[in-house]
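First comes the structure, then the notes that go with it.
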Amino acid sequence: MYRVKMAGFIGIAMAATSLISAPAASAATSGTASFSCTTWSSGRTGYAKCTGMIPILERFQVKVTCIDSRGSQAVVRGPARENGQTSAASCPDSPNVGIYKLGYQRWKIGIGD
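So the sequence shown is numbered by our numbering: it starts at 4 and just counts up by one.
This is the structure:
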């Protein structure tokens, strides 16, 4: 009789555990699948706004490649931002300098970052 009660208790505990952990797994999967990032520029400044990242664990930053009249290029990165925020970076305020390429970088932060 004792073994039957113990087996029933273990079965209920396993079922409860699977019900509790299933929503968390599906939420993590669906959050990653809907990632999107928009970039735009105005003058010498490039912007990026990203959504659909895993909250607290993922970051992004705008990456602006600047070019001058001699063809020299320099990469400028904006500050790291979270979901729904905007990262901005500007090319140097020099004559004949403009944006050559505009993009973003996305990464997951680790423990201690």
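Yeah, the Cβ is synthetic: ideal placement off N, Cα and C, and Gly gets one too.
In this structure, the alpha-carbon of P58 lies about 37 Å from that of S75.
Looking at the DSSP output, C53 shares a beta bridge with C40. Boundaries of the beta strand (DSSP E) around C69: 61-70. Between T48 and C94, the CB-CB gap stays under 9 Å. In this structure, K66 places its C-beta atom within 9 Å of the C-beta atom of A92. A51 is classed as buried because its beta carbon has at least 16 other beta carbons within 10 Å across all chains shown. In the same chain as E61, and ignoring 5 residues on each side of it, the C-beta atoms closer than 6 Å to its own belong to K111, in chain order. Leaving aside the five residues that flank T68 on each side, the residues in its chain whose CB is nearer than 6 Å to its CB run, in chain order, Q76, V78, Y103, K104.
According to DSSP, residue pairing for I102 in a beta bridge involves C69. Taken through DSSP and simplified to helix, strand or coil, Q88 comes out as coil. The criterion of a C-beta distance shorter than 9 Å is not satisfied by N99 and C53. One Cα belongs to Q88, the other to D96, and the distance between them is close to 25 Å.
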